[in-house]
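Asker: Supplied in structure tokens, the structure appears directly below.
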Amino acid sequence: MPQVSKRVHTGVPGLDEMLNGGLLPCTANLVEGAPGCGKTTLGMQFIYHGALEGEPGLILTFEQFPQQYYRDAASFGWDFRALEKQGLLKVVMSSPEVAQADLEQFNGKITRLVHRMQAKRILVENISYFERMSRDPIELRALLYSFLNALKREGLVTLLTRETYVLLGDEAAEDADQTNLSFLADSYILLRYVEIESAIRRAIIVLKMRGSAHDKRIRQFDIGSQGMVVQDPFRGREGIMSGNPRQMAESFIKAFIRR
Amino acid sequence: MNELTFRVYIGDMDPELLTFLKRYVDSFTKVDLLRFFHNNPHTIDTVENIAHYAGRDQETVQRELTQLATRGLLEETQLGQMVVYALADNSQLRKQLAAFVAASNDPQFRIRLIYYLVKGGHF
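For the record, the sequence lines run as chains A and B.
Heads up: the first sequence begins at 626 in the working numbering, then just goes up one per residue.
Heads up: the second sequence begins at 3 in the working numbering, then just goes up one per residue.
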């Protein structure tokens with residue numbers, strides 16, 4: 626009987642069920658979404674939960690200063706400074722070029738840190754910064770492939786965030802000229818804003834999960850005082866990922882009766 | 003510096019702090035960089051990026067980082083074609099740096115520090 630891989634829990638209520646129990650070990654997992662929709666919260670929750678489970682984690686940031694993580698985490702009651710003191714968390718600030726070159730080196734600084742703290746998880750923020758390393762999509766893909774493999778080599782479960790630039794609507798056209806990282810990632814989670822009855826809500830979908838079944842429904846999620854919580858699927862609506870969903874009955878009428 | 007000025011500006015400064023000051027701190031940019039590395043102790047980056055983070059000009063930051071590396075507070079590493087800087091992996095030095103940053107939050111110490119730097123980094 627084939628061995629079933631132990632799942633890595635994200636710590637986000639509802640998300641692990643969507644992921645059929647959690648992320649798979651030694652995988653690179655992409656979380657994509659518009660600014661402010663919850664990518665960093667999800668990532669911090671993943672790291673925090675890991676630390677609570679005795680799985681030390683690293684945050685590799687190309688963008689935010691470590692203090693911003695401490696402050697943002699504290700607003701959810703997660704004491705990142707205490708975790709740092711306990712050796713369960715380190716926030717490494719660097720740039721894609723340096724991180725890439727360091728990981729390629731034998732016993733580079735990041736690798737040494739991973740070994741020393743016996744890190745099991747890493748949050749990489751924000752992978753969009755890799756796009757400045759090359760305008761050639763083939764070269765960029767090769768660079769990212771090598772970067773992700775280096776993290777897997779170290780036995781890490783990686784959560785990568787990537788920013789999309791459109792708040793609502795179809796982002797495919799906007800991002801068509803950028804490297805589609807979803808091909809390289811083992812799983813692909815999309816966070817979106819959606820407008821329902823003149824209010825903005827948040828939606829999450831697992832679009833891909835290599836080597837595992839997963840929930841294919843679009844669910845609502847909320848960010849509250851304890852972090853992110855995934856809720857029930859949207860019901861009776863379609864076109865959720867367009868950012869502007871319609872009642873299904875309305876679509877039915879439009880599609881069949883008004884012709 | 004005469005005895006009176008020395009007493010006014012040095013006063014009862016912790017001898018370890020004074021030694022740290024004399025060894026590593028001789029410019030305002032260095033103060034910024036020391037605070038930056040204390041607050042972001044796992045930074046590994048190039049001069050260009052550190053200058054961006056610190057909001058200082060690259061040429062000055064290059065000179066100051068090189069000096070801090072020569073004095074042992076930072077590690078300078080050749081990564082392919084890049085030279086990168088990180089805080090030295092020395093717990094004693096990190097404690098001294100933390101003490102310096104904590105002291106520099108004290109207005110009295112800051113006055114002494116400014117005087118010291120204006121005087122060219124010499125007591």
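Ideal placement from N, C-alpha and C gives every residue a C-beta, glycine not left out.
#1: Please classify B/PRO109: does DSSP put it in a helix, a strand, or coil?
#2: Along chain A, which residues have their Cβ under 8 angstroms away from the Cβ of B/LEU115?
#3: In terms of residues, what are the limits of the beta strand (DSSP E) holding A/MET718?
#4: Count the other C-beta atoms from every protein chain shown that fall within 10 angstroms of the C-beta of B/SER106, then say buried if there are 16 or more, exposed otherwise.
#5: For A/SER720, collect the residues of the same chain with a Cβ closer than 8 angstroms to its Cβ; drop the 5 residues on either side in sequence, then sort them by chain order.
#6: With H, G and I counted as helix, E and B as strand and the rest as coil, what does DSSP make of B/LEU23?
#7: Drop a sphere of 10 angstroms on the beta-carbon of A/ARG827, count the other beta-carbons inside from all chains shown, and report buried for 16 or more, exposed for fewer.
#8: Just how far apart, CA to CA, sit A/LEU649 and A/ARG632?
#9: Is B/THR31 helix, strand or coil when you go by DSSP?
#10: Listed from N- to C-terminal order along the chain, which residues in the stretch 707-730 of chain A have their beta-carbon within a distance smaller than 7 angstroms of any beta-carbon of chain B?
#11: For a minimum of 3 consecutive residues, which ranges assigned as the beta strand (DSSP E) are wholly contained in the stretch 23-102 of chain B?
#12: Based on the DSSP output, what are the partners of A/ILE752 in its beta bridges?
#13: Report the three-state DSSP secondary structure of A/THR789 (helix, strand or coil).
#14: Going by Cα to Cα distance, which pick from A/ILE747, A/GLY733, A/ARG746 and A/ALA724 is closest to A/LEU769?
#15: How long is the line joining the alpha carbons of A/LYS734 and A/ASP847, rounded to whole angstroms?
#16: Assuming A/MET742 and A/GLY712 are in contact, meaning their beta carbons sit under 8 angstroms apart, how far apart are those beta carbons, in whole angstroms?
#17: Any beta carbon of chain B sitting closer than 8 angstroms to that of A/PRO762?
#18: Would you list the one or two residues that DSSP bridges to A/GLY849?
#19: Roughly how many angstroms lie between the CA atoms of A/ILE843 and A/ASP857, to the nearest whole one?
#20: Locate the beta strand (DSSP E) running through A/MET834, then write down its first and last residues.
#21: Among the residues of its own chain, which have a CB less than 6 angstroms from the CB of A/GLY832, if the five just before and after it don't count?
#22: Using the C-alpha atoms, what's the distance from B/ASN42 back to B/ILE52?
#23: Looking at the structure shown, is A/HIS634 part of a helix, part of a strand, or coil, going by DSSP?
#24: Any chance you could list the alpha helix (DSSP H) runs of at least 4 consecutive residues sitting entirely within the stretch 694-744 of chain A, in chain order?
#25: Mind checking which residues open and close the alpha helix (DSSP H) that includes A/ASN774?
#26: If you compare alpha carbons, which of B/PHE102, B/VAL120 and B/VAL27 is closest to B/THR72?
#27: Taking Cβ-Cβ distances below 8 angstroms as the criterion, which residues of the stretch 19-37 of chain B are in contact with chain A?
#28: Which residues, in chain order, does the stretch 45-61 of chain B contribute to contact with chain A at a C-beta distance below 8 angstroms?
#29: Would you verify that the beta carbon of B/VAL103 is, or is not, closer than 8 angstroms to some beta carbon of chain A?
#30: Suppose you measure from the CA of A/SER759 to the CA of B/ALA101; what does that come to, to the nearest Å?
#31: Cβ atoms of A/LEU667 and A/MET853: under 8 angstroms apart, would you say?
#32: Name, going along the chain, the residues of the stretch 71-104 of chain B whose beta-carbon falls closer than 7 angstroms to a beta-carbon of chain A.
#33: If you draw a straight line from the alpha carbon of B/VAL85 to that of A/LYS664, how long is it in whole angstroms?
#34: Helix or strand or just coil, what does DSSP make of A/GLY647?
Answerer: Put simply:
#1: Looking at B/PRO109 - three-state DSSP - the assignment turns out to be helix.
#2: Close partners of B/LEU115 in chain A (Cβ separation under 8 angstroms) are lacking, with about 22 angstroms as the shortest Cβ gap.
#3: Annotation for A/MET718: the continuous beta strand (DSSP E) segment containing it runs 714-718.
#4: Around the beta carbon of B/SER106, a 10 Å sphere encloses 16 or more other beta carbons of the protein chains shown; the residue is thus reported as buried.
#5: Apart from sequence neighbours up to five positions away, the residues of its chain that approach A/SER720 with a beta-carbon distance below 8 angstroms are PHE687 and TYR754, ordered along the chain.
#6: Three-state result, B/LEU23: helix.
#7: By the neighbour-count rule (16 or more Cβ atoms within 10 Å), A/ARG827 is buried.
#8: Distance between A/LEU649 and A/ARG632, taken at the CA atoms: about 5 angstroms.
#9: When DSSP states are grouped into helix, strand and coil, B/THR31 belongs to the helix group.
#10: Hits within the stretch, in order: LYS715, VAL716, VAL717, MET718, SER719, SER720, GLU722, VAL723, ALA726, ASP727 and GLN730.
#11: Within the stretch 23-102 of chain B, the complete beta strand (DSSP E) segments of 3 residues or longer fall at 76-81 and 84-89, listed in chain order.
#12: Answer is none; A/ILE752 lacks a bridge partner.
#13: In this structure, A/THR789 counts as coil in the three-state DSSP scheme.
#14: The candidate whose alpha carbon is nearest that of A/LEU769 is A/ALA724.
#15: Rounded to the nearest angstrom, the two C-alpha atoms are 37 angstroms apart.
#16: For A/MET742 against A/GLY712, the beta-carbon gap comes to about 5 angstroms, under 8 angstroms, which counts as contact.
#17: For A/PRO762, no Cβ of chain B is located within less than 8 angstroms of the residue's own Cβ.
#18: Residue pairing of A/GLY849 in beta bridges, as defined by DSSP: A/GLY852.
#19: So the two alpha carbons sit approximately 9 angstroms from each other.
#20: Looking at the DSSP string, the run of the beta strand (DSSP E) that includes A/MET834 is 824-834.
#21: Note that residue 832 of chain A is Leu in the sequence shown here, rather than Gly. For A/LEU832, where only same-chain residues beyond five positions count, the Cβ hits under 6 angstroms are TYR813 and LEU815.
#22: Whole-angstrom Cα-Cα distance: 11 angstroms.
#23: DSSP, read as helix, strand or coil, puts A/HIS634 in coil.
#24: Qualifying alpha helix (DSSP H) stretches, in chain order: 705-710, 721-729 and 734-742.
#25: In the DSSP assignment, A/ASN774 falls within the alpha helix (DSSP H) that extends over 762-778.
#26: Out of B/PHE102, B/VAL120 and B/VAL27, B/VAL27 has the C-alpha closest to the C-alpha of B/THR72.
#27: Residues: none.
#28: For the stretch 45-61 of chain B, which is checked against every Cβ of chain A, the residues closer than 8 angstroms are THR45, ILE46, ASP47, THR48, ASN51 and TYR55.
#29: No, B/VAL103 does not count as interfacial toward chain A.
#30: Their Cα atoms are separated by approximately 42 angstroms.
#31: Taking 8 angstroms as the Cβ cut-off, A/MET853 and A/LEU667 qualify as a contacting pair.
#32: Of all residues in the stretch 71-104 of chain B, LEU81, GLY82, MET84, VAL86 and ALA88 have a Cβ within less than 7 angstroms of some Cβ in chain A.
#33: It is roughly 32 angstroms from the alpha-carbon of B/VAL85 to the alpha-carbon of A/LYS664.
#34: Note: A/GLY647 maps to coil in three-state DSSP.
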